[in-house]
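Residues in the sequence shown are numbered from 1 upward in steps of one, following the UniProt record's numbering. All C-beta atoms, glycine included, are put in the ideal place defined by N, C-alpha and C. Please read all numbers here as calculations on a predicted model, not as lab measurements.
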Amino acid sequence: HTQGQGQGQGQVAYVPQQAWIQNATIQNNILFGQPMQGLKYSETLHSCALEPDLEILPGGDQTEIGEKGINLSGGQKQRVSLARAVYQEADVYLLDDPLSAVDSHVGKHIFEKVIGPEGMIRNKTRILVTHGINYLPQCDQIVVMNGGRISEIGSYGELIDADGAFAEFIRVYSGVGEEDGEDAPSVSEYTEYCEENLNLEQSDSHGALDPSVFSDDPETRSRRRAHGQHLEKKRISESSTRDKKERKRHVSKSELKRQLSRQMSSEVGEKKASAEHTDKSTLIKQEKVETGSVS
Numbered sequence: 001h002t003q004g005q006g007q008g009q010g011q012v013a014y015v016p017q018q019a020w021i022q023n024a025t026i027q028n029n030i031l032f033g034q035p036m037q038g039l040k041y042s043e044t045l046h047s048c049a050l051e052p053d054l055e056i057l058p059g060g061d062q063t064e065i066g067e068k069g070i071n072l073s074g075g076q077k078q079r080v081s082l083a084r085a086v087y088q089e090a091d092v093y094l095l096d097d098p099l100s101a102v103d104s105h106v107g108k109h110i111f112e113k114v115i116g117p118e119g120m121i122r123n124k125t126r127i128l129v130t131h132g133i134n135y136l137p138q139c140d141q142i143v144v145m146n147g148g149r150i151s152e153i154g155s156y157g158e159l160i161d162a163d164g165a166f167a168e169f170i171r172v173y174s175g176v177g178e179e180d181g182e183d184a185p186s187v188s189e190y191t192e193y194c195e196e197n198l199n200l201e202q203s204d205s206h207g208a209l210d211p212s213v214f215s216d217d218p219e220t221r222s223r224r225r226a227h228g229q230h231l232e233k234k235r236i237s238e239s240s241t242r243d244k245k246e247r248k249r250h251v252s253k254s255e256l257k258r259q260l261s262r263q264m265s266s267e268v269g270e271k272k273a274s275a276e277h278t279d280k281s282t283l284i285k286q287e288k289v290e291t292g293s294v295s
């Protein structure tokens, strides 16, 4: 497996995949002993997409969080953990897949406002572990891990130009999930693409990948392209099956609505007829008496 040593200077902020939350208010979890700076604090809340959550919590950012954040969702805990790191203004940020606990729209917001080239920590060293390939074009350097080893390394453009297995994967899955708002394919699918669909084998007992997997000879490239086309047809077929089920479900819902509408109309008619019958058969319980003179 990949291992080694590194040295660095400055303050390091670590955001684990499983958020660590202390038993305190949301504000104190974010400040973490730092003095309150209103402008920076507000920007941190906005960038980490916490404002909507604070609006619905009974005490806002003064809401007491139970032990291990028991009264927060996984996504809320992750965003509080990230906000704490952002507020510290560290020199190096180690981000262990912090976007995995949020949906694609919130993840995009956080990446743009915090991690990306225009984010709050844009001038800091950022090491991001992620399974989302939609963030990769904005990264300076990409290290692709497969089987515990580095399989490819370079900028997004360099990896595409290399025309290796990763580039083929990107081409096959490009655009998937963009139109219907679904999550984009993940790097874990890249691993499956390499190991299962391309039948990659390990060359030794330590799990090292066969170097021929990423070779650029015509035969290997042709094999990758053929498997890519096969996967695309399979994905289209699965999408068509889902569409048919959705249409069937939609028809069933429409039929149910029609049945309910007919039932309600019938009940209204019966109630109206019953009311009319009751009015006709009701005895007069009170009469009006008027006085006057006859000339």
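Taking a 10 Å sphere around the C-beta of Ile127, we find fewer than 16 other C-beta atoms and assign the residue as exposed. With a contact defined as Cβ atoms closer than 8 Å, Val15 and Asp96 qualify at about 6 Å.
When the Cα atoms are used, Val92 and Lys124 turn out to be separated by approximately 6 Å. Contact annotation: Ile65 and Ile21 have beta-carbon atoms nearer than 8 Å.
Counting other Cβ atoms within 10 Å of its Cβ, Glu118 stays below 16 and is therefore classed as exposed. Nearest to Gly157 by C-alpha distance, out of Ile56, Gly74 and Ala167, is Ala167. With fewer than three CB-CB distances shorter than 8 Å, the region 50-66 does not count as touching the region 136-143. By a beta-carbon distance limit of 8 Å, Leu82 contacts Pro98. Their separation comes to about 5 Å.
For Thr25, the beta-bridge partners assigned by DSSP are Glu64.
Thr44 sits in a helix when the DSSP states are folded into three classes. Non-local beta-carbon contacts of Ile153 in its own chain, meaning distances under 6 Å to residues more than five positions away in sequence, involve Val143 in chain order. Around Pro137, the same chain offers Tyr156 as residues with beta carbons nearer than 7 Å, after the five sequence neighbours per side are excluded. Under DSSP, Ala13 shares a beta bridge with Tyr93.
The criterion of a C-beta distance shorter than 8 Å is not satisfied by Val86 and Ile133. Rounded to the nearest whole angstrom, the CA to CA distance from Ala165 to Arg149 is 15 Å. Between the alpha carbons of Gln5 and Glu55 lies a gap of roughly 44 Å.
Proximity to Gln88 across Gln37, Leu50, Ala101 and Ile170 peaks at Gln37, based on C-alpha coordinates. CA-CA distance, Pro35 to Val102, rounds to 28 Å. Counting along the chain, the unbroken alpha helix (DSSP H) around Glu168 starts and ends at Ala165 to Tyr173.
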